[in-house]
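S.K.:
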Amino acid sequence: MPHPLLTSPGPLLGGWSSLASPAAVASLARSGFRWVVLDMQHGEHDDRSVRDCLRGTTATDAPVLVRPPRLDTQDIGRALDAGAAGVVVPMVSTPEQARHAARACRYAPTGNRSWGPHALDAALSAPAPAEADAAAICAVMVETRDGLANVDAIAATEGVDVVFVGPFDLSLELGTDVDALLAADGADDPLPTVVRACRERGVVPGAFGSTAERSARFLDLGFRFVAAATDSGLIQAGARQRVADLADR
Ligand code: 3PY
Ligand code: MG
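Heads up, the sequence shown is in full-length UniProt numbering, so the first residue is 1 and it goes up one at a time.
1) Output needed for residue 222: all residues of its chain with C-beta closer than 8 Å, excluding positions within five of it in sequence on either side, in chain order.
2) So the beta strand (DSSP E) residue 63 belongs to, where does it begin and stop?
3) Please state whether the Cβ-Cβ distance between residue 210 and residue 233 is less than 8 Å.
4) For the beta strand (DSSP E) that residue 17 lies in, which residues bound it at each end?
5) Between the alpha carbons of residue 138 and residue 248, how many angstroms are there, rounded?
6) Using the rule of at least 16 other Cβ atoms within 10 Å of the residue's Cβ for burial, across every protein chain shown, is residue 35 buried or exposed?
7) Which of the three DSSP states, helix, strand or coil, is assigned to residue 199?
8) On the three-pair Cβ rule with 8 Å, is the stretch 98 to 108 touching the stretch 164 to 171?
9) My understanding is that residue 92 touches residue 161, with C-beta atoms under 8 Å, so please give their C-beta distance in whole angstroms.
10) By how many angstroms is the C-alpha of residue 226 removed from the C-alpha of residue 207?
11) So residue 201 and residue 156 are supposed to be a Cβ contact under 8 Å. How far apart are they, rounded?
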């Protein structure tokens, strides 16, 4: 059984944390977002901030996932050991890489995650391996030309729960821009192709929306697991708006 988050109906809007602040992450996790990602690839997060942010949220908050800096079994294991609900693995371009990511999320015999229950602190319970395997969310990012070409096989990979589009990298690789990528909605265009591959394989289609407009467009295209805002973007947009609101006083 996949994580209950993924089987709940409707759009699953998430928040994206670039700023390594436990208070900001707790705010995102208590604001109605259904999940939060701590970004170790392009955000400020490191091992320490991931642990601090995970300790700063509770079971009633939105589940917190981690984007590790790269596809690496140890990085994925450390994020899950710290209590992350799952991982969003960048730059997955082949079914072999998708399998690498999925196996890193699960213990033997399904995968090759290392088991270290003695390392957990008192605030974390140590679920049995089978329970932890079922709960771990494995999202793989399709954001390269090869990833797009292989999206059917990636979505069909055992243990992959979400195929998550990175529109910045994908548009760069395809020689276009993010808004043109989002506008293209022919059956064979990149984003409809990803949604179709996910639907055929029973995998959740996800994407990095970041702004309201782009997130709405991803939802209209059929994506469900959409990062609808970043902490840094919300602060910048809110600050600009506040200054504009009071500009004529
Ligand atoms: C992308 O759009 O490429 C991302 O990875 C979002 O951070
Ligand atoms: Mg990217």
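Note that beta-carbon positions come from the ideal geometry of N, C-alpha and C, so glycine has one too.
M.R.: Concretely, from the data shown:
1) 192, 195, 199, 205
2) Segment: none, residue 63 is in no beta strand (DSSP E) and carries neither H nor E.
3) yes
4) 12 to 17
5) One C-alpha to the other measures close to 49 Å.
6) buried
7) Helix at residue 199.
8) no
9) Not a contact, Cβ separation roughly 13 Å.
10) Residue 207 and residue 226 have their alpha carbons spaced roughly 5 Å apart.
11) Residue 156 and residue 201 do touch by the CB rule: their CB atoms are close to 5 Å apart, below 8 Å.
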